[in-house]
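Counting along the sequence shown from 1, when you hit position 575 you're at 579 in our numbering, and nothing is skipped either side. What follows is a single structure, written as structure tokens, with notes after it.
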Amino acid sequence: MSNQSYGAAEITVLEGLEAVRKRPGMYIGNTGKEGLHRCLGEILDNSVDEYMAGHATQIKVVLRKDGSALVSDDGRGIPTDIHPKTGKTAIETIMTVLHAGGKFSQENYQFSGGLHGVGASVVNALSTEMGVWVHRDDKIHYLAFSKGKTKGEIDVFDVSLAGQRVPVVEHMVAKKTGTTTLFYPDFTIFEAVEFDSKQISEGLKQTAYLNKGLKINFVDENLNTDEVFCFPEGILTYLQDITAKDTLQTPLIQFEGKTPDFQLEVAMTYGSDYNEKLFAFTNGIINPEGGMHVTGFKSAMTKLINSYAQLKGFFKKDERFTSDDLKEGIRVILSLKMADPQFTSQSKVKLGSTIARTLTDKMVTEKLGTFLEENPSVGQSIVVKAQLAMKARIAAKAARESVLRKGVLESMALPGKLADCSEKDPAKSEIYIVEGDSAGGSAKQGRDRHTQAILPLRGKVLNTEKATLDRIMNYEGIKNMIIAFGTGIGDKFDIEKLRYHKIILMTDADVDGAHITTLLLTFLYRYMAELIEGGYIYMARPPLYQIKWGKKVEYVYSDLEKDALTERVRKEKSDKSEGESRDVKFEIQRYKGLGEMNPEQLWDTTMDPAHRLLWQVTVGEAAVADKVFEDLMGSDVDPRKRFIEDNAVFAEVDSI
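Structural data, given as structure tokens:
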């Protein structure tokens, strides 16, 4: 149980706030959109942790027109008394000292998603301005910061003056206690120029699913949108939403188990198809690579359904289900909350706490076992589904071995189109998958031959969403990629044999290029998902325009950046001319394709590690990714038609 007397003495200080602005990537991963969103997430996590500790009921997130972001909650409010070690107020300590917070013991937060996060102090360090308003004891305590440093003394005033003294008072949700944080990201550090409203909205909705009853209000002043997420039934509603278009073979099943330091919620069902959709979370943080709770769930399912099938006489002699048989068609959401979770990395993609496997196995065996005893028809449906999967597994294994025995991949001779690099260490090697021979030629000439390999793709990329495995394996472009990567595919896939730790998709910056990228991602997502989950897949971002004026040349990546650059240059010219209007002559070239760039330009803009822009492909919001792939690339026309109708307004007519 968390401590009601939450004060400055409970704030643990580990180390100072040094070098964050100099090396931000060490703390937030990168300075692109992911890093920008990480900063918002750090502040949000603090509010969600207050809810999980039983002290908050609502959170408000606002993206403001001036580029700032605000998070407000009605939790206990950051302590305002003097910290015994730093001699500063707890507010100043938390905001200016790295790893200072109340989450390093279980007295204040039994469960926390931000336990191993970088903390609010890093957000402060990477913001030009930051303000924190704490509502406690009928007073509001305000402290301002800039680039990690405190500005002035703490300002304390009566709550009745909030309307006069708090410029964001309309967004404060605190009634008696709470914290409101406003920060302006430093865009001399961040490459991303704005928050991704859609991505943030989806993340907040997911957070509301995982914390049943929590109300989250999301306002984007730039888009004039106002959304409220609140789900009293939590992950059961989550499961209902992600299976809304599925044909289900079992009803939705929900159960939970608890110990003083461990809470597990499970929502599951089976669909009529063979795709597994399993989403695992620990303290509200998604674990794309699963971990010990997933291992415990699958172990319990395998033992439980095998025992059930044996008891009910479904098996012939020596028949047994494997874990793979039981995953076909399953939809599962695992939401685990535990004290002091251990992850395999800072990004929390995989839970490593072994106790989670043991307790999950025990709780699933007990709770699901009871459910199946009380609902035998559901148990029978699961067994029948698994029997079909078992038969298909045996047949598919024989078919795959037959395909592979035909020699499609056996020789593993590198494809002739591949211009390989000389570096033999995969961690230092990267391969560009390039659209067309023309761009491939420029890439081969412009590359760093030591570390960069080039594989051109000719012709239309196969839509693997609809294709059979034998057709995929005989398609030259896909086959060349598989051989070049070195991992194999299917049962023979071995991530340890991966020849390049950066696989970069480099296509034209237009609609056709986006289509090719989508086709490639469909294949990778369906048949080599481990490459995405491991963080090996990237998308290059080639420039859309080259802009010349005088002796200067710059490259920009969108119409918005083009307009911003030309406007800035004109303004600078006007300022230097003391207000006299002097037009600037720009030479603007729009690249219709990578092939229009010479090798030097392609290197400077898209391949030079010191200057290029790469987007790492993740499965973070796996449910959304899976739905888009299926809607756009599947055989069902209606979802694709709806997507086109909904998004046609966003298309650039001159690029189609």
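Glycine included, every Cβ here is placed at the ideal spot set by N, Cα and C. In this text the structure is predicted, and so the values were computed from the model without any measurement.
A residue is called buried once 16 or more other Cβ atoms fall within 10 Å of its Cβ, and Met30, having fewer, is exposed.
Counted as a single uninterrupted DSSP element, the beta strand (DSSP E) harbouring Val66 occupies residues 62-67. When Cβ pairs closer than 8 Å are counted between the two stretches, the segment 40-51 is seen to touch the segment 188-206, the count reaching three or more.
Taking every protein chain shown into account, the CB of Leu208 has 16 or more other CB atoms within 10 angstroms, so this residue is buried. In the displayed model, Lys331 falls within a helix according to three-state DSSP.
Under the 10 Å beta carbon count, Gly182 is surrounded by 16 or more other beta carbons and is classified as buried.
Boundaries of the alpha helix (DSSP H) harbouring Tyr529: 515-531, taken from the DSSP string. Contact check for Gln62 against Lys281 fails: the beta carbons are separated by 8 Å or more.
Counting every other CB atom within 10 Å of its CB across the protein chains shown gives Ala23 a total below 16, marking it as exposed. In the structure shown, Asn484 falls within a helical segment according to DSSP collapsed to helix, strand and coil.
Phe318 and Val387 have their C-alpha atoms roughly 8 Å apart. In the structure shown, the three-state DSSP call for Ile193 is coil.
Taking Thr100 as reference, the option from Pro88, Asn128, Asp85 with the minimal CA-CA separation is Asn128. Look at Ser72 here: in three-state DSSP terms it is coil, with no helix or strand label.
In the three-state reduction of the DSSP assignment, Leu618 falls in the strand class, which pools E and B. Where Lys281 is concerned, the enclosing beta strand (DSSP E) starts and stops at 281-286.
Annotation for Glu269: Ile239, Glu260, Ser339 place their beta carbon closer than 6 Å to its own, counting only its chain and skipping 5 residues before and after. If you look at His145, you'll find it in the beta strand (DSSP E) that goes 143-150. A straight line joining the alpha-carbon of Glu378 with that of Thr472 spans about 40 Å.
In the three-state reduction of the DSSP assignment, Leu418 falls in the coil class.
In terms of CA proximity to Val170, Val138 leads the group Val138, Thr362, Gly373, Lys155. Between Ile541 and Leu528, the C-beta gap is smaller than 8 Å, which places the two residues in contact. According to the DSSP assignment, Ser131 belongs to the beta strand (DSSP E) that extends over 131-140.
Boundaries cannot be given for Gly275, as no alpha helix (DSSP H) includes it and DSSP labels it neither H nor E. In the displayed model, Met30 falls within a helix according to three-state DSSP. Judged by DSSP secondary structure, Arg594 falls within the beta strand (DSSP E) whose first and last residues are 591-594. Counting only runs of 4+ residues, no alpha helix (DSSP H) is found wholly inside the segment 247-271.
According to the DSSP assignment, Gly445 belongs to the alpha helix (DSSP H) that extends over 441-450. For Thr93, the secondary structure class from DSSP, reduced to helix, strand or coil, is strand. In this structure the segment 286-299 does not touch the segment 238-254; the number of beta carbon pairs closer than 8 Å is below three.
The Cβ atoms of Leu130 and Asp49 lie no closer than 8 Å to each other. Going by beta carbons, Gln456 and Cys425 fall inside the 8 Å limit. Between the alpha carbons of Lys341 and Arg335 lies a gap of roughly 20 Å. Here DSSP, grouped into helix, strand and coil, assigns Phe222 to strand. Contact between Ile508 and Tyr561 fails: their C-beta atoms lie close to 16 Å from each other, not under 8 Å. Counting only residues of its own chain and dropping the five nearest sequence neighbours on each side, Glu537 has a CB closer than 8 Å to the CB of Pro292, Glu293, Val353, Val623.
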